[in-house]
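Quick mapping for you: the protein sequence lines, in order, are chains A and B. Going by the working numbering, the first sequence runs without a break in its numbering and finishes at 585. Going by the working numbering, the second sequence runs without a break in its numbering and finishes at 1170. Every residue, glycine too, gets a C-beta built ideally from N, C-alpha and C. Report on one structure; see the data block that follows.
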Amino acid sequence: MKKLLYFLKDYKKESVLGPLFKLLEASFELIVPLVMAAIIDTGVASADGGYIMKMCLVLVLLAVIGLTCSITAQYFAAKAAVGFATGLRHALFAHIEKLSFTEMDTVGTSTLITRMTSDVNQVQNGVNLVLRLFLRSPFIVFGAMIMAFTIDVKAALIFVVTIPLLSVVVFGIMVLSIPLYKKVQNALDKVLGITRENLTGSRVIRAFNKEADEIAHFHESNETLTRVQLYVGKISALMNPLTYVIINGAIVVLVWTGAVRVENGYITQGEVVALVSYMSQILVELVKLANLIININKSIACGNRIARIFELEPSIVDACGRGEAGETDCARTTDKAAAVEFSHAGLIYAGAGEESLTDIHFSAARGETIGIIGGTGSGKSSVVNLIPRFYDATSGVVKVNGKDVKEWPLKALREKTGVVPQKAVLFKGTIRENMRWGNPDASDDAIMEALRTAQAEEFVRTKEGGLNYGIEQGGRNLSGGQRQRLTIARALVKKPEILIMDDSASALDFATDAKLRMAIRAMTDPAGSQMTVFIVSQRASSIRHADRIIVLDDGRVVGIGTHDALMETCDVYREIYDSQFKKEQ
Amino acid sequence: MSKKVSRQQKATLAKVLRYIRRYWFYLGLSVVLAAVTVALTLYLPILIGQAVDKIVGAGEVDFSGILRILRKMAVMIALTAAAQWIMNVCNNKITYNVIRDIRREAFEKIERLPLKYIDAHSYGEIVSRVIADVDQFADGLLMGFTQFFTGIVTIFGTLLFMLTISVKITAAVVIITPVSLFVASFIAQRTFSMFRLQSETRGEQTAFIEEMVGNQKVVQAFSHESEALEQFDEINSRLQKYSLRAIFFSSITNPATRFVNSLVYATVGVVGAFSAIAGGISVGQLSSLLSYANQYTKPFNEISGVITELQNALACAARVFELMEEEAEVSDAPDAQTLKEADGSVELEHVCFSYVPGMKLIEDFNLTVKPGQRVAIVGPTGCGKTTLINLLMRFYDVNSGEIRVSGIPMRELTRKSLRSNYGMVLQETWLRSGTIRDNITMGKEGATDEEVIAAAKASHAHSFIRRLPDGYDTVIAEDGGNLSQGQKQLLCITRVMLCLPPMLILDEATSSIDTRTEIRIQKAFARMMEGRTSFIVAHRLSTIQEADMILVMKDGSVIEQGNHEELLAKNGFYANLYQSQFVQA
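Encoded structure:
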């Protein structure tokens, strides 16, 4: 949590002025009874109407000053808190974007979303409250105690006992309820998870008529949440009654002590009244403080959870830093090297016991088309994921243009590679905006060219507005095949040196798939040289005409070569091919 | 404008009250206890005053009298504390039960919403309504209960005590009161719309976060981090602006009403001082009036604070209710029949359908499928294959025309029985968090282990499931977590293998499974499809060839229809498509 306070740094002025104006307001509030005392002692006693009116004006003046101070304080506090949250959200988003897939896999997307939204809001709320109230309440509590000492030391000792006692109660309840609030949060996360799941799976749930079961399932988690909330509520509900008992108990003792002190002539009756009123004042402020502390508690819990996200270090670090000079130096490579080279590379995913890839060894020359084929779980995607460094090889080396990918500036490496992922993901916005992900400066002509190559031109033209056609979140208003072709076009807009198609034509019919491959073959990068293409596929027809085909089985390479050579030498390949083509031939 | 807003608020409030009404017992108890608490709290200062009156001066203290009053005070304090605690517990109970009910109903609503709604809204936004908005609403509601009642009772209690002292001064106070209320409601009305704006922007931001963080892989592959951050910052800064306004304006209420209170205090002081000079009241009574004036106005501070909190809560509740009041799926006709065991015949007669009114998609579609027929649907991507499935499953209703299953028009069947006659495997796999077994038995409640394993063996999922850490009891995370796409698809197939309904829908069911495995699954499918009507969307010709009927779709209508040989002979679109598989790329 402490680390998060860094985000207040741009609001130092507001963070100081807010509480300061609040203190000013509180001080003016303390003057009011003195003025009133003056009205009674001087005005009423001497029946001086003019004096009363004058003091009345003073009261109004004090009210105006109080109002001004208070509004100023609220403004500064709100500005600092909102600015704090804005900065925090910005940094958090930027940080999450840097996390590599290994961390994303372990933390989970929905957790990250909660951290960014409701947790940040809670922290914002906490900061705002602290700035507004946290100084004010202790100021009045201790102010009252000091006033008590000026009246009578012995009676003031009751204050000395009462305040720590109250603190014990307040903090005790807090300590008890913190772990419980964590439980509430966990229960809430569960309810959130089920809700999400039911939205993403609405078709399957309805197809299986599971609505009632899902409702029962939700109900169970919902009940658990309510139970925990009620339990926590019962404990924190103790706060007000207990403090009330302590304070008023103290008043009872105070009256008795006061009676004894007055009997012996140490203090006057009026001073007893003053002491009692000071004690009452403590109660009001302590109740405020207690509520405040509960809120702060929640905020700190949320803050700590956010801080833990910040502590996650991306496992993939950019070797070249961000210095401009460093980048050019880093990017320099030998022209003659192979476009992509795997040297005995292996991969163990975090948390997995066994290697998912073992001893992958091959190289791809510039302009070559490499097909990768293999069964489900044979590691096809894992191989291509190593090229743009989505994951780092746990053994061996992967080189691009003759240089270890770990020595490339990440941005430069990913600019060279165009990836068409398995899952066809598009983003909310126009088709043009989506296409510009590949190249922010792409002209409409360049975009249309990429669409043509990706066999998407035709359907884009039929869409209302063409490139201006609005895609909904996740591309829901497009069919699977349309999405897939747009994701291919998006990668092509980039004009990458290396194009990776990770089983990304699966939703295309054979005719479109064939046309697509032909068009990609004809493409060249800006320097005029041919792209190096990796095609991962289940379909033998998609990779059959590749320059070379890599056959994977259980994370190992079991064959590399042309279609004809593999048909002779590789059993696995022949089996795959036959399974798809036997009948037609 | 403001009138419209407040009418909307009133409507929301009425709905909230309907939920609260269920807990009328707790509500009644809470109100009674609030009255008790306040009465005792107000009575205490009088007791203290009486005690103080017995401490006249040195040597003039009535110890036995004081002791009697102090004992009475001790009992009062204990009673107040107990009443306060029970009241708090009641309030917790009402609040948490009400939001539990709301969450539950919102969730039940989600299960009944037409897919049209779910497809058209971002998941993040709906989730934020059910979780974040409800949570915020709870905070406001709880605060409303704990402070609103006590506040109001305190105001009336104090007025009563003041009346017993001086009618004139009480009247002066009452006249100023509306000013305070006016100020509070004036600010509250403006704050409501600002909170709404804040709430909406938050929803937008959540949706954006979900999109970007959920698809981090694509974001990183395209080095789109800085653009995403820029876009995020744009929303973020808008949120900052709206939040600052909402928070600042809502926090003005407090100082503003306090200012009015200071005026009340000054008025009491001046009027009181003049009537003291005139001899109307004693100085002691004046000081009691002043302290009551303070007590009287303090609840106004709180109430206005609570009102802004309630505004916020109402804005959130309004968003939840908006979701809950969405039109649900057209419910089954009252005389809807239950389709027991479909014979497998399906007829489509003059079916017209489009997602967007005015944008024609499927028009005058006719099709007769005999029981046990295998229907393959082929065609270029985006031709309406998935739409057909949406209609067959009744995820969407046809605009005109009729679909008959087993000779009965679909509209006259219950959705539940219709859907349970279909087994569906979609290209986009969906798994719920839970064990592998939970996911498989979705299709058949209470299936035995033997049945589950037999189904898994049939779908060739058994071997990979066995290798998972806990076999069939392995818990998988939201959306399949670390299973590969192919493994997820195998599980979805197993799910259907287990329940074997009379009709099957396979939408690219094996697109992510390697062909060697697929060949084996196809055999299982073939066995499964025997005697079952099946609709198969596929690209692989081997699957299509064996179909009894092939529908070639283009632009929403069937352009060719027949079996493989017939269609080849026709030498039309299908023949073209078929031959393209062997085009040299």
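Other residues of its chain near residue i: CB distance less than 6 Å, five sequence neighbours each side excluded
i, result
"residue 879(B)", "none"
"residue 315(A)", "100, 102"
"residue 244(A)", "none"
"residue 332(A)", "Caution applies to residue 332(A), whose pLDDT of 47 falls short of 50 and renders its modelled position unreliable; the value that the coordinates give is listed next. Nothing meets the Cβ criterion."
"residue 200(A)", "none"
"residue 640(B)", "646"
"residue 632(B)", "654, 658"
"residue 141(A)", "282, 285"
Test item: CB-CB of residue i and residue j under 8 Å
i, j, result
"residue 716(B)", "residue 180(A)", "no"
"residue 366(A)", "residue 388(A)", "no"
"residue 913(B)", "residue 600(B)", "no"
"residue 155(A)", "residue 265(A)", "no"
"residue 849(B)", "residue 740(B)", "no"
"residue 418(A)", "residue 537(A)", "no"
"residue 1078(B)", "residue 1010(B)", "yes"
"residue 128(A)", "residue 91(A)", "no"
"residue 778(B)", "residue 842(B)", "no"
"residue 487(A)", "residue 420(A)", "yes"
"residue 162(A)", "residue 247(A)", "yes"
"residue 25(A)", "residue 73(A)", "yes"
"residue 714(B)", "residue 908(B)", "yes"
"residue 85(A)", "residue 275(A)", "no"
"residue 282(A)", "residue 115(A)", "no"
"residue 348(A)", "residue 394(A)", "yes"
Close beta carbons around residue i, own chain, < 7 Å, minus the five adjacent residues each side
i, result
"residue 1145(B)", "1137, 1152, 1155, 1157, 1158, 1159"
"residue 576(A)", "373, 540"
"residue 902(B)", "597, 601, 722"
"residue 324(A)", "In this predicted model, residue 324(A) has a pLDDT of only 41, less than 50, meaning its place in the structure is not dependable; the value taken from the coordinates is given anyway. Excluding positions up to five away in sequence, the list is empty."
"residue 928(B)", "956, 991"
"residue 854(B)", "875"
"residue 684(B)", "719, 722, 723"
"residue 834(B)", "772, 775, 776, 779"
Check: residue i C-beta below 7 Å from any heavy atom of the ligand PLP
i, result
"residue 725(B)", "Among the components of this structure there are no ligands whatsoever, and the ligand PLP is therefore not found."
Neighbourhood of residue i by C-beta, 8 Å cutoff - its chain only, sequence neighbours within 5 removed
i, result
"residue 1161(B)", "none"
"residue 1111(B)", "1131"
"residue 926(B)", "1006, 1087"
"residue 802(B)", "none"
"residue 549(A)", "370, 371, 372, 373, 543, 559, 560, 561, 562, 563, 566, 573"
"residue 343(A)", "361, 396, 397, 398, 399"
Per-residue contacts from residue i into chain A (C-beta, under 8 Å)
i, result
"residue 718(B)", "Simply none; closest approach about 10 Å."
Partners in chain A for residue i, counting only beta-carbon separations shorter than 7 Å
i, result
"residue 1183(B)", "For residue 1183(B) there is no data in the structure shown, the boundaries of chain B being 586 and 1170."
Beta-carbon neighbours of residue i, restricted to chain B and to distances below 7 Å
i, result
"residue 237(A)", "670, 673, 674, 677"
"residue 651(A)", "Absent from the model: residue 651(A). The displayed extent of chain A is 1 to 585, so no value can be given."
Residues that residue i contacts on chain B, provided the C-beta gap is smaller than 9 Å
i, result
"residue 60(A)", "847, 848, 851"
"residue 67(A)", "840, 841, 843, 844, 847"
"residue 56(A)", "851, 852, 854, 855, 858"
"residue 435(A)", "Near residue 435(A) there are no residues of chain B at all, since even the closest Cβ is about 11 Å away, more than 9 Å."
"residue 209(A)", "1000, 1001, 1002, 1004, 1005"
Interface partners of residue i on chain B, CB under 8 Å
i, result
"residue 498(A)", "Here the premise fails: no neighbours, minimum Cβ distance about 12 Å."
Contacts that residue i makes with chain A (C-beta to C-beta distance below 9 Å)
i, result
"residue 692(B)", "191, 194, 195, 198, 214, 215, 218, 219, 222"
"residue 792(B)", "428, 473"
Distance between beta carbons of residue j and residue i, contact taken as under 8 Å
i, j, result
"residue 939(B)", "residue 946(B)", "4 Å"
"residue 1032(B)", "residue 1083(B)", "6 Å"
Three-pair Cβ contact test at 8 Å for the stretch 913 to 924 of chain B versus the stretch 996 to 1009 of chain B: yes
Contact between the stretch 140 to 155 of chain A and the stretch 828 to 841 of chain B: three or more CB pairs below 8 Å? no
Is the number of C-beta pairs between the stretch 134 to 141 of chain A and the stretch 203 to 217 of chain A that are closer than 8 Å three or more? no
Counting pairs of beta carbons, one from the stretch 54 to 62 of chain A and one from the stretch 105 to 118 of chain A, are three or more of them closer than 8 Å? no
Three or more C-beta pairs below 8 Å linking the stretch 972 to 984 of chain B and the stretch 893 to 909 of chain B: no
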